[in-house]
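Colleague: The structure follows.
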Amino acid sequence: MENACPDFAPRLITWQRAQGRHDLPWQVTDPYRIWVSEIMLQQTRVETVIPYYARFLARFPDVQALAAAPLDEVMAHWSGLGYYSRARHLHAAAQRVMEAHGGAFPREPAVIETLPGIGRSTAAAIAAFAWETRAAILDGNVKRVLTRVFGIAGWPGERAVETRLWELAQRLLPSQDLRAYTQGLMDLGATRCTRTRPRCGECPFDSDCIAHRHGRQAELPGARPRKSLPEKAVQMLALLHAGEVQLEKRPAPGIWGGLWSLPECAVETDPVALLQGRGYRISAVRELPGFVHTFSHYRLHIRPWRIDVSRPQEAGEPGRLWLPLEEVADAALPAPVRRILEGLHVR
DNA sequence: AATGCGGGGAC
DNA sequence: GTCCCAGCATT
304 MENACPDFAP
314 RLITWQRAQG
324 RHDLPWQVTD
334 PYRIWVSEIM
344 LQQTRVETVI
354 PYYARFLARF
364 PDVQALAAAP
374 LDEVMAHWSG
384 LGYYSRARHL
394 HAAAQRVMEA
404 HGGAFPREPA
414 VIETLPGIGR
424 STAAAIAAFA
434 WETRAAILDG
444 NVKRVLTRVF
454 GIAGWPGERA
464 VETRLWELAQ
474 RLLPSQDLRA
484 YTQGLMDLGA
494 TRCTRTRPRC
504 GECPFDSDCI
514 AHRHGRQAEL
524 PGARPRKSLP
534 EKAVQMLALL
544 HAGEVQLEKR
554 PAPGIWGGLW
564 SLPECAVETD
574 PVALLQGRGY
584 RISAVRELPG
594 FVHTFSHYRL
604 HIRPWRIDVS
614 RPQEAGEPGR
624 LWLPLEEVAD
634 AALPAPVRRI
644 LEGLHVR
């Protein structure tokens with residue numbers, strides 16, 4: 304497979320030295336500073352990390368200072384970065400480095416990986432940058448570069464594909480210059496082999512890259528399989544009376560919790576009969592155009608109705624109000640409810 | 001093997 | 001809006 308590009312590593316190293324990034328704040332040899340950067344950079348972009356990194360190192364300049372600091376203060380310096388278990392693990396790992404390793408960061412990737420918050424790729428990156436250790440990384444950048452250059456299909460999150468990528472990453476490792484090589488993989492992925500609109504004309508593997516040769520840059524790496532969302536359906540009832548619409552407050556845990564929404568009923572239910580059973584007198588009924596609202600967990604087919612009532616009921620119940628249509632713009636409404644009501648107001 | 005974990009930027 | 005980002009831990 305790697306026959307597609309037999310001199311991958313030396314070409315990458317040469318490219319990194321000429322075209323790669325050399326001014327990132329964590330391009331140092333202190334393993335502590337490299338370690339902190341690698342944790343912050345997990346699932347987080349370089350531009351986002353830079354200001355946090357500066358503040359963090361100013362307050363916790365070495366592993367001893369981090370281990371001795373209160374966790375609350377570590378968390379405060381992480382505030383806004385997200386994935387806060389990274390900060391808790393970082394703090395715990397600093398204390399273990401002090402107690403189990405006498406304050407000296409371990410050099411062997413297998414030992415580094417036993418520290419909390421450090422997996423295979425992060426352990427390899429720390430060792431490669433700090434000591435030129437021959438260890439393979441496999442982050443999002445590397446997955447993108449390798450799937451494209453070597454034409455590896457499938458979603459990298461799938462076990463079989465990830466196993467292939469780890470094997471390939473391991474086989475491609477040079478015997479020296481691991482610092483430039485590892486940085487080159489990241490630099491290429493970040494500045495040339497980008498997710499969209501890759502700059503193939505400025506890539507050292509231009510002529511060899513399978514994806515470029517076949518115009519498959521957009522197909523590689525393979526996309527996460529689209530999980531088919533469950534389909535649900537509901538009818539929403541816009542009850543109108545004297546220029547006002549009835550709203551219900553959604554229960555607090557649950558979808559749209561705390562927002563004001565329209566009364567609902569199942570699609571099997573006849574809304575007119577339902578309302579008449581509750582004592583409403585109905586003067587006009589019109590079914591409005593249906594549409595689909597997509598959540599992260601399911602797709603909701605919404606069938607809205609405009610129902611003019613001449614004798615409203617259920618007034619004064621808690622969690623139920625009549626809102627003047629003129630005030631729809633300022634109300635706390637779910638997006639699809641707002642869409643329905645704004646459509647009404649135009650008429 | 002799947003999911004939870006944040007926030008932000010690109011499109 | 002969706003997708004992804006210098007991933008890892010947990011189940």
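If you number the first sequence the way my numbering does, the last residue is 650 and the count never jumps.
A virtual CB, placed ideally from N, CA and C, is assigned to each residue, including glycine.
As the structure is a prediction and not an experimental result, all values here were calculated from the model.
(1) Can you name the residues that DSSP bridges to residue 611?
(2) In whole angstroms, give me the CA-to-CA distance for residue 638 and residue 550.
(3) Enumerate in chain order the residues of its own chain whose CB-to-CB distance from residue 566 is below 6 Å, with the five nearest sequence positions on each side excluded.
(4) Within 10 angstroms of the Cβ of residue 569, are there 16 or more other Cβ atoms? Answer buried if so, exposed if not.
(5) Excluding five sequence neighbours on each side, which residues of the same chain lie with their C-beta closer than 6 Å to the C-beta of residue 503?
(6) Should residue 589 go down as buried or exposed, given a rule of 16 or more other Cβ atoms within 10 Å for buried?
(7) State yes or no: is the C-beta of residue 427 within less than 8 Å of the C-beta of residue 438?
(8) Do you know how far the Cα of residue 443 is from the Cα of residue 537?
(9) Which same chain residues end up closer than 7 Å to residue 671 when comparing Cβ atoms and leaving out the 5 residues on each side of it in sequence?
(10) Can you grab the Cα-Cα spacing for the pair residue 372 / residue 454, in whole Å?
(11) Tell me whether the beta-carbon of residue 488 lies closer than 8 Å to the beta-carbon of residue 506.
(12) Determine the closest residue to residue 365 out of 348, 326, 481, 407, with distance taken between C-alpha atoms.
(13) When the Cα atoms are used, what is the spatial distance from residue 521 to residue 528?
(14) Look up residue 535 in the DSSP assignment and give the residues it is bridged to.
(15) Assuming residue 381 and residue 390 form a contact by the criterion Cβ under 8 Å, report the distance between their Cβ atoms to the nearest whole angstrom.
(16) Over the uninterrupted alpha helix (DSSP H) stretch that includes residue 338, give me the two end residues.
(17) Please list the terminal residues of the continuous beta strand (DSSP E) segment that includes residue 624.
(18) Measuring straight from C-alpha to C-alpha, what distance separates residue 655 and residue 386?
(19) Which residues does DSSP pair with residue 595 in a beta bridge?
(20) So, are the CB atoms of residue 433 and residue 558 less than 8 Å apart?
(21) Since residue 356 is in the alpha helix (DSSP H), which residue starts that stretch and which ends it?
(22) Return the chain-ordered ranges of every alpha helix (DSSP H) run that is complete within the segment 393-469 and spans a minimum of 4 residues.
(23) In or out: residue 340 buried (at least 16 other Cβ within 10 Å) or exposed?
(24) Classify residue 640 as buried or exposed, calling it buried when 16 or more other Cβ atoms lie within 10 Å of its own Cβ.
(25) Should residue 451 and residue 513 be called a contact, given that it needs their Cβ atoms to be closer than 8 Å?
(26) Please state whether the Cβ-Cβ distance between residue 526 and residue 458 is less than 8 Å.
(27) Residue 548 by DSSP, collapsed to three states: which one?
(28) Quick one: using the 10 Å Cβ neighbour count with 16 as the cut-off for buried, is residue 573 buried or exposed?
(29) Sort 636, 576, 629 by Cα distance to residue 610 and report the nearest one.
(30) Counting pairs of beta carbons, one from the segment 304-319 and one from the segment 468-475, are three or more of them closer than 8 Å?
(31) So if DSSP puts residue 329 in a beta bridge, which residue, or which two residues, is it bridged to?
(32) Cutting at 6 Å between CB atoms, please list the residues of its own chain near residue 436, excluding the five before and the five after it.
(33) Please say whether residue 498 and residue 447 have beta carbons closer to each other than 8 Å?
(34) In angstroms, rounded to a whole number, what distance separates the CA positions of residue 333 and residue 312?
Modeller: Taking the definition as stated:
(1) Reading the first sequence from its first residue, position 308 is the one you call residue 611. 543, 587, per the DSSP bridge assignment.
(2) Taking the first residue of the first sequence as 1, we reach residue 638 at position 335. Taking the first residue of the first sequence as 1, we reach residue 550 at position 247. The straight-line gap from Cα to Cα measures roughly 14 Å.
(3) Counted from its first residue, the first sequence places residue 566 at position 263. So the qualifying residues of the chain are 540, 551.
(4) Counted from its first residue, the first sequence places residue 569 at position 266. Residue 569 should be labelled exposed.
(5) Along the first sequence, read from residue 1 onward, the residue named residue 503 stands at position 200. Counting only Cβ-Cβ distances below 6 Å, and skipping sequence neighbours, we find 509, 515.
(6) Numbered from 1 along the first sequence, position 286 holds the residue referred to as residue 589. With fewer than 16 other Cβ atoms within 10 Å, it is exposed.
(7) Here residue 427 refers to the residue found at position 124 when the first sequence is read from its first residue. Here residue 438 refers to the residue found at position 135 when the first sequence is read from its first residue. For residue 427 and residue 438, yes; Cβs fall inside 8 Å.
(8) The residue given as residue 537 occupies position 234 in the first sequence. The residue given as residue 443 occupies position 140 in the first sequence. Their backbone Cα atoms lie some 40 Å apart in a straight line.
(9) Since the first residue of the chain shown is 304 and the last is 650, residue 671 is not available in this structure.
(10) Here residue 372 is taken as the residue at index 69 of the first sequence, counted from 1. Here residue 454 is taken as the residue at index 151 of the first sequence, counted from 1. In a straight line, the C-alpha of residue 372 is about 47 Å away from that of residue 454.
(11) In the first sequence, counting from the first residue as 1, residue 488 sits at position 185. In the first sequence, counting from the first residue as 1, residue 506 sits at position 203. Against a cut-off of 8 Å, the Cβ pair of residue 506 and residue 488 comes out as no contact.
(12) On the first sequence, position 62 is the one that residue 365 refers to. Out of 348, 326, 481, 407, 407 has the C-alpha closest to the C-alpha of residue 365.
(13) Reading the first sequence from its first residue, position 218 is the one you call residue 521. Reading the first sequence from its first residue, position 225 is the one you call residue 528. Each residue's Cα considered, the two are about 15 Å apart.
(14) By 1-based counting over the first sequence, the position of residue 535 is 232. Paired residue(s): 603.
(15) Mapped onto the first sequence, residue 381 falls at position 78. Mapped onto the first sequence, residue 390 falls at position 87. The pair is a contact, with the Cβ atoms about 4 Å apart (cut-off 8 Å).
(16) The residue labelled residue 338 in the question sits at position 35 within the first sequence. Taken as a continuous stretch (DSSP letters only), the alpha helix (DSSP H) holding residue 338 covers 334-343.
(17) Counting from one through the first sequence, the residue named residue 624 turns up at place 321. From DSSP, the beta strand (DSSP E) with residue 624 extends over 623-627.
(18) Past the boundaries of the shown model lies residue 655; the chain is included only from 304 to 650, so the question cannot be answered.
(19) Here the question's residue 595 lines up with position 292 in the first sequence. DSSP lists 604 as partners of residue 595.
(20) If you number the first sequence from 1, residue 433 lands on position 130. If you number the first sequence from 1, residue 558 lands on position 255. In this structure, residue 558 does not lie closer than 8 Å to residue 433 by Cβ.
(21) As a position in the first sequence, residue 356 is number 53, starting the count at 1. Taken as a continuous stretch (DSSP letters only), the alpha helix (DSSP H) holding residue 356 covers 349-362.
(22) 412-415, 423-434, 443-452
(23) What you label residue 340 is simply residue 37 of the first sequence in a count that begins at 1. Flag for residue 340 reads buried.
(24) Translated into the one-based positions of the first sequence, residue 640 becomes position 337. So residue 640 counts as buried.
(25) Mapped onto the first sequence, residue 451 falls at position 148. Mapped onto the first sequence, residue 513 falls at position 210. Against a cut-off of 8 Å, the Cβ pair of residue 513 and residue 451 comes out as a contact.
(26) Locating residue 526 in the first sequence gives position 223, counting from the first residue. Locating residue 458 in the first sequence gives position 155, counting from the first residue. Yes, Cβ-Cβ distance for residue 526 and residue 458 is below 8 Å.
(27) Start at 1 with the first residue of the first sequence, and residue 548 comes out as number 245. Residue state, collapsed to three classes: strand.
(28) For the purposes of this step, residue 573 is identified with residue 270 of the first sequence, where counting begins at 1. Exposed, because fewer than 16 other Cβ atoms sit within 10 Å of the Cβ of residue 573.
(29) By 1-based counting over the first sequence, the position of residue 610 is 307. Measuring from the Cα of residue 610, the nearest candidate turns out to be 576.
(30) yes
(31) Translated into the one-based positions of the first sequence, residue 329 becomes position 26. Answer is none; residue 329 lacks a bridge partner.
(32) Translated into positions along the first sequence, residue 436 becomes position 133. Excluding residues within five positions, the ones whose Cβ falls inside 6 Å are 430.
(33) Mapped onto the first sequence, residue 447 falls at position 144. Mapped onto the first sequence, residue 498 falls at position 195. Cβ distance < 8 Å, so residue 447 and residue 498 count as in contact.
(34) The count along the first sequence starts at 1 and reaches residue 333 at position 30. The count along the first sequence starts at 1 and reaches residue 312 at position 9. Taking the straight line joining both Cα atoms gives about 25 Å.
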